[in-house]
Amino acid sequence: MGVIAREIEQAGVATTSISLVREHTEQVKPPRALFVPFPFGYPLGAPEDPDLQLCVIRAALALLERPGGPVLEDFPEDPFAAQDVNLPQASDVAASSRKDDVAFEVTSLRAHYEQWVDGHGGRTTVGLTGVHERKFRGLVRFLEAFARGEEDADMPERPREMSIPQFARYACDDLRAFYFEARLHQKPGADFQDMNRWFWGQTAAGNLLRSVRDRMKATDDPALAGLAFGIAR
Amino acid sequence: MPRLDRLSELQCNRLITHNVLVYDDAPWVWPAKPVASMRLALVTTAGVHLRGDTPFKGGEQTYRAIPSNAPAKDILLSHSSIGFDRSGVIRDLNLVLPLDRLREMAERGEIGGLGPNHYSFMGAQTKYDRLMDETGPEVGRRLKAEGVDAVLLTGA
Numbered sequence: 002m003g004v005i006a007r008e009i010e011q012a013g014v015a016t017t018s019i020s021l022v023r024e025h026t027e028q029v030k031p032p033r034a035l036f037v038p039f040p041f042g043y044p045l046g047a048p049e050d051p052d053l054q055l056c057v058i059r060a061a062l063a064l065l066e067r068p069g070g071p072v073l074e075d076f077p078e079d080p081f082a083a084q085d086v087n088l089p090q091a092s093d094v095a096a097s098s099r100k101d102d103v104a105f106e107v108t109s110l111r112a113h114y115e116q117w118v119d120g121h122g123g124r125t126t127v128g129l130t131g132v133h134e135r136k137f138r139g140l141v142r143f144l145e146a147f148a149r150g151e152e153d154a155d156m157p158e159r160p161r162e163m164s165i166p167q168f169a170r171y172a173c174d175d176l177r178a179f180y181f182e183a184r185l186h187q188k189p190g191a192d193f194q195d196m197n198r199w200f201w202g203q204t205a206a207g208n209l210l211r212s213v214r215d216r217m218k219a220t221d222d223p224a225l226a227g228l229a230f231g232i233a234r
Numbered sequence: 014m015p016r017l018d019r020l021s022e023l024q025c026n027r028l029i030t031h032n033v034l035v036y037d038d039a040p041w042v043w044p045a046k047p048v049a050s051m052r053l054a055l056v057t058t059a060g061v062h063l064r065g066d067t068p069f070k071g072g073e074q075t076y077r078a079i080p081s082n083a084p085a086k087d088i089l090l091s092h093s094s095i096g097f098d099r100s101g102v103i104r105d106l107n108l109v110l111p112l113d114r115l116r117e118m119a120e121r122g123e124i125g126g127l128g129p130n131h132y133s134f135m136g137a138q139t140k141y142d143r144l145m146d147e148t149g150p151e152v153g154r155r156l157k158a159e160g161v162d163a164v165l166l167t168g169a
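The listed protein sequences correspond, in order, to chains A and B.
The numbers in the first sequence follow the working numbering, run straight up by one, and end at 234.
The numbers in the second sequence follow the working numbering, run straight up by one, and end at 169.
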């Protein structure tokens, strides 16, 4: 991000950045940066907390009125001071021993997913593959076939220029987004520790993503290993 | 991120060994007006883009434009890293792309207004050649041409 800020400033537009990694910002030196001590994925502080978000924005914009730089300042508040800020990954959580069918699980979560979307003005973060959520049983069957190493595992929605493994990664992202949105409706008070522990520890989909990762890692192709790292670790 | 001493050893090591460029000073533009008169735009490395745009691949050094009036329901996230929690952005896009907050600030006169577009890149980069030679300067030129006075950058 610091590199991009420098290029934009070089083009003649003033920049101010919200930094999540102080140690990196100290080295790259974007012109103006506000360090925030929030978890990754939370640069503005907290979801559905407009007051905190506004505070962060105002503090970052205030740096535009400094006489010289580079400027790196610390945001004074830390609402996460008492929380574990490490994100639970697949390897941190014991896998579910349930042998549930993922397609069945998808069907059982659908009503929650639909109510989440209805409650958020139609907004959903599902959509990278273009496969409609009504067809997610098919998406699951594709991922299961891919994980088994079946050569003809594919979906008609895949753009011709996109590789099958790349499409599988987006399918994993879509499936996880569907589960997260359903879960947020099912358990509105869940924090990010709960959400990620639930997904990796209590769902059959978490295990399916692990097996997709394992299939990609089993090849010698470094590009697939990179994709696998973005699915489960 | 959280301060390094609050992270697991694995994640801490990943961060301190990340390929980061080192500079001694920074380019500097003197803003010619107060924030209340500035036209602002957002640039993010959170890997967000319009629904229907080609999703980001890991390490991709290109960008996507997001029109200023795009509703949150038209915006997806295809960041390749699972190093950050997705549930925050699922709850509220403003967490990485605070379009609602900036629109409110413009209505109250706290900022002068918004540019016609915002720009999004992929984060967690380990190579910077195209960002520095091509796509970074290109976004800078576009913002300049769109009359943007200042940019707020966010990562994920």
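Even glycine gets a Cβ: it sits at the ideal position worked out from N, Cα and C.
This one's a predicted model, so the numbers in the text were calculated from it and none came from an experiment.
Query	Result
Buried/exposed call for B:E147, threshold 16 Cβ in 10 Å	exposed
A:V103 versus A:A205: straight-line alpha-carbon distance, rounded	5 Å
Neighbouring residues, chain A, relative to B:L63 (Cβ below 9 Å)	By Cβ distance, chain A contributes nothing, its closest Cβ being about 10 Å from B:L63, past 9 Å.
Buried versus exposed, by CB contacts within 10 Å (16 or more), B:L23	exposed
Those runs of the alpha helix (DSSP H) which lie wholly inside the region 82–144 of chain A and span at least 4 residues	103–120
Simplified DSSP state of A:G227, which is helix, strand or coil	helix
B:H31: contacting residues in chain A (beta-carbon distance under 8 Å)	H25
Cβ neighbours of B:K140 in the same chain (closer than 8 Å, five flanking residues each side left out)	N32, G72 and Q74
Distance CB(A:F143)-CB(A:A172) smaller than 8 Å	yes
Collapsed DSSP secondary structure at A:R234 in the structure displayed	coil
Secondary structure of A:L35, DSSP reduced to three states	strand
Neighbouring residues, chain A, relative to B:L55 (Cβ below 8 Å)	Per Cβ cutoff of 8 Å: no residues; B:L55 is ~10 Å from chain A at best.
Neighbour flag for B:L34 against chain C, beta carbons, 8 Å	Among the protein chains of the structure shown, namely A and B, there is no chain C.
Whether A:L21 touches B:G168 by CB criterion (8 Å)	yes
Beta-carbon gap between A:I5 and B:T58 smaller than 8 Å	yes
Boundaries (first-last residue) of the alpha helix (DSSP H) holding B:R121	L112 to R121
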